[in-house]
Amino acid sequence: MKKKDLERIKIKKRWPIRFSDFYKHYFFIIFPLGMFYVSFAALYSGIRNDVPDLKLASTGFIIISLGLLYFIVRRLIQNHTFKKYIIDGVTIEDIKDALKKTGFNNPKYYKRGYLQCTTNISAFSWGEVITIIPVQNYVLINSRPNGQPITIFKDKMNIKRFITELRNSTTNTTYSA
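Letter 61 of the sequence shown, counting from 1, is numbered 62 in the numbering used here, and no numbers are missing.
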């Protein structure tokens with residue numbers, strides 16, 4: 002991560018969009034969009050030819066495809082943004098200790114002022130890359146899937162576990178979303 006990217010993340014609280022994001026993460030949106038297009042074409046055909054069963058089935062698939070599209074877009078946005086946690090008096094050493102206690106792999110501190118680590122592979126996740134940016138009295142945290150477009154809720158559990166451990170290691174803490 003470049004210094005310019007780091008400063009932008011601190012201001013906007015989200016990753017800058019790169020071309021690689023499209024084939025790593027956003028490509029997954031094509032499935033529900035394709036499903037919506039086919040269902041809409043079937044609905045149009047059912048209306049034009051007056052086939053009640055086709056109208057009903059295609060309406061159901063339109064609803065399912067829109068729900069799936071909403072879920073995927075919501076998760077992609079969550080994977081793209083950083084969450085702000087206000088923790089007074091947090092140091093790099095506190096963060097490193099909390100990372101060790103939560104069992105994350107390969108914690109690494111970069112001189113530009115951020116930490117990254119990875120999580121283990123599980124049944125629902127191929128692992129995540131967790132980025133932590135300490136800023137004065139708060140911490141910005143992001144978890145992005147590693148090798149898959151989205152995760153269900155494993156990344157949220159990992160961040161929650163880490164924040165709990167970090168709060169236990171510091172004395173004065175509050176939370177802000």
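Glycine included, every Cβ here is placed at the ideal spot set by N, Cα and C. Treat the numbers as computed from the prediction; the structure is a model and nothing was measured.
The Cβ atoms of ARG19 and ASN80 do not sit closer than 8 Å to each other. Per DSSP, SER126 lies in no beta strand (DSSP E) segment and is marked neither H nor E. Secondary structure of LYS13 (DSSP, three-state): helix. Judged by beta-carbon spacing, LEU141 lies within the 8 Å limit of ILE10, meaning their Cβ atoms are closer than that value. The shortest CA-to-CA distance from SER66 to any of PRO108, ILE30 and ILE133 is the one to ILE30. The C-alpha of ALA42 lies about 14 Å from the C-alpha of ILE64. Within the DSSP secondary-structure output, SER144 pairs in a beta bridge with ILE131.
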